[in-house]
Amino acid sequence: MNKERIKVVVVDDHPLVLEGLRSSLGEDNTIQIVNCFENASDLFAFLKRSSVNVVVLDVNLPDMNGVEICQKITQKYSHIKVVGLSTYNDPSIIKQMVKNGAKGYLLKNVTSKELVAAIHQIHIGQSYFSGEIQKILADSIFDNNEVPKLTRREKEILSLVAEGITTPQIAKKLVISPLTVETHRRNLIQKMGVTNAAQLVKMAIEKGLI
């Protein structure tokens, strides 16, 4: 009798990534890709009515960051295991994902074979971190003044937030959309491990970022 396949949902805001993961994971006869989503709202609507074992989750999404999504999944659906799959290699983000319930974390440069191995290990209740992630976490233990890596745009927006400038004003000043500004703000809050703009500014000052 065949073993029941692991039911997996993939969440990533890049259609090409979703297509690639659906194809590569779908070739493994022990895994069933039950659905793919580009945002959090569609994901949670699906989870309300469907049976899922593992969620493969990107960190950067348009309507909610992966850290928040991970927390909500583990709070509402404790039987579902979450594994982070992202380009973000910042130790502060990885630690927040783990703190919020992720059972594993891999970078997007891993092979499909390793991702399949991670899904299997996480499905049975164990943790899985790729070798590169293990090294990043190990190195961060000895760095008590760990400073998150910010992009040039994130530094610009952080500086403007510190000046008390509103999202619409920042958008106008940088000639970008308010939605883009909000995405950067969420990413900054996530990277700094805080919950609001006031804490963000305070932490940025303490770390010498502004």
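Residue numbers (numbering that gives the first Met the number 0): 0 to 209.
Think of the CB as a built atom: it goes at the ideal place given N, C-alpha and C, for glycine as much as any other residue.
Query: V174 - partner residues in DSSP beta bridges; Result: DSSP lists no partner for V174.
Query: Rounded separation between E113 and E26 - CA only; Result: 14 Å
Query: From G130, V10, K2, I209, residue whose alpha carbon lies closest to that of V82; Result: V10
Query: L106: first and last residue of the uninterrupted beta strand (DSSP E) it sits in; Result: 103-106
Query: Residues of its chain near K206, where Cβ-Cβ distance is below 6 Å and the 5 sequence neighbours each way are ignored; Result: V146
Query: Member of V200, A137, V109, A44 whose CA lies at the smallest distance from the CA of I68; Result: A44
Query: Residue environment, N28, which counts as buried when at least 16 other CB atoms sit within 10 Å; Result: exposed
Query: Selection from F36, E181, N52 that minimises the alpha carbon distance to K80; Result: N52
Query: Residue range of the unbroken beta strand (DSSP E) whose run includes S23; Result: It is not in any beta strand (DSSP E) - S23 instead sits in the alpha helix (DSSP H) that spans 14-25.
Query: For K75 and L106, the rounded distance between their alpha carbons; Result: 26 Å
Query: Any 3 or more C-beta pairs closer than 8 Å across the region 82-96 and the region 181-194; Result: yes
Query: Cα-Cα separation, V193 to L208; Result: 15 Å
Query: Span of the beta strand (DSSP E), counted from its first residue to its last, around S85; Result: 80-85
Query: Residue environment, S50, which counts as buried when at least 16 other CB atoms sit within 10 Å; Result: exposed
Query: One or two residues paired with K2 in a DSSP bridge; Result: In DSSP, K2 forms no bridge with anything.
Query: Residue nearest to N88 in terms of C-alpha spacing, selected from V58, L199, E181, S176; Result: V58
Query: Outcome for S129 when other beta-carbon atoms lying within 10 angstroms are tallied against a minimum of 16; Result: buried
Query: First through last residue of the beta strand (DSSP E) which encompasses V55; Result: 53-56
Query: Residue span of the beta strand (DSSP E) that contains I30, given as start and end; Result: 30-36
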